[in-house]
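K.L.:
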Amino acid sequence: MARVFPQGRLVYGMQLPVQSQSTIYAEPWEASATAADLAGIARAADRAGFGYVATCDHVAIPRRLAGPMSTVWYDPVATLSFLAGITEHVRLLSHVAILGLRHPLLGAKQYATLDHLSGGRLILGVGAGHVQEEFDVLGVDFARRGAVLDETLDALRVALGPEEYPEFEGELFSFKDLGQLPRPAQERIPVWVGGSSPAAVRRAAVRGDGWLPQGDPREKLPAQIARIGELREAAGVTGPFEFGAITEALYVGEPGWDTGRRTLTGKAEALAESLREYRALGVDQIQVRFRSRDRAELVDQITAFGAEVAPLLND
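All residue numbers for the sequence shown refer to our numbering, where the first residue is 12 and numbers rise by one.
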């Protein structure tokens, strides 16, 4: 087992705009954005030294949720594969893939190919999912989605391993004598588990290489991080582990418009000082997000963060 990023340094990544457009976080300009906008933003993050860019996952959104969630959810494997071809260094994170919606051999084929084509840049972020209609239409038991995810993840670990003919025997899935090439470029694809419920935290501790919290404010992170440490010790799980956090919305500089009262704004030194607190809490990587009114402003924010704020994060 190996870490994705160097220990002791606070790394920064971002969830990409455009590819998912829930009204909770999407900016108005994203509604008319194009693939060229998505590509330009991903390239900017790559140039600015971001550790990863991330995409979400939903198969279909029911009408009852289409208002707040929208129906804009790009497929994560297709999107990350597209981005792999136009970037050079940045890691490619699924934040998060709903693994239980797909047979583990199907997931293994997709993610092994993505890792192979990207030269080993995949981070597999996984979660249980929350939209019942998606599970129902695909014939997956929504009530048992946690157990389904656990076994799918166990099977996928095997199927993404080094063997051309992986073997797995479980309650839901079993396979052997079925070959899959290409193998992933990475010897072990890192799995970061998303979610902040007790079940998700336990899953991250026991089955994950990292944890992606879902909206935990700063003050809740130390207890969650300590809990994961306790669970790993109790389960006898050793090896490196990477803790994540999602920051408040950011704006580098003084905005000439209303960015919302919870947005952190100001000069690079002030933003870096605030963000360094995450490292003091035990966080290894922060997922940053920026307020913006169009693609150009977002690219400017990404560039300014990489050039001005990032060098101060580890002072």
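We treat Cβ as the ideally placed atom computed from N, Cα and C, and that holds for glycine. Owing to the predicted nature of the structure, the values given are computational and were not obtained by experimental measurement.
Within a Cβ cutoff of 8 Å, which residues of the same chain sit near I239, ignoring the five residues on either side of it in sequence?
P.N.:
These residues qualify, in order along the chain: V212, A215, A216, W222, F252 and F254.
K.L.:
Three-state secondary structure (DSSP) at Q225?
P.N.:
Q225: coil per DSSP, three-state reduction.
K.L.:
What does a CB cutoff of less than 6 Å around G206 pick up in its chain, not counting 5 residues either side in sequence?
P.N.:
G138 and Q225.
K.L.:
Mapping DSSP to helix, strand and coil, what is Y23?
P.N.:
In this structure, Y23 counts as strand in the three-state DSSP scheme.
K.L.:
Should V310 and A55 be called a contact, given that it needs their Cβ atoms to be closer than 8 Å?
P.N.:
Cβ atoms of V310 and A55: closer than 8 Å.
K.L.:
Smallest Cα separation from L192: which of V248, E180 and L116?
P.N.:
Considering only alpha carbons, the answer is L116.
K.L.:
Is it buried or exposed for G354, if we count other Cβ within 10 angstroms and need 16 for buried?
P.N.:
Coverage of the chain is limited to positions 12 through 326, which leaves residue 354 absent and any answer about it impossible.
K.L.:
Could you spell out where the alpha helix (DSSP H) holding F146 opens and where it closes?
P.N.:
Its alpha helix (DSSP H) spans residues Q143 to V148.
K.L.:
Please report how far the alpha carbon of R218 lies from the alpha carbon of A37, in whole angstroms.
P.N.:
Going by the C-alpha atoms only, they are around 31 Å apart.
K.L.:
A315 by DSSP, collapsed to three states: which one?
P.N.:
The answer is helix: DSSP assigns A315 an H, G or I state.
K.L.:
What are the start and end residues of the beta strand (DSSP E) that includes L324?
P.N.:
Note, L324: premise wrong, no beta strand (DSSP E); not H, not E.
K.L.:
Do S33 and S81 come within 8 Å of each other at the CB atom, strictly closer than that value?
P.N.:
Yes; because the gap between Cβ atoms is below 8 Å, this pair is in contact.
K.L.:
Can you tell which of K187, V22, D57 and V294 has the C-alpha that lies nearest to the C-alpha of L323?
P.N.:
Comparing Cα positions, the closest option is V22.
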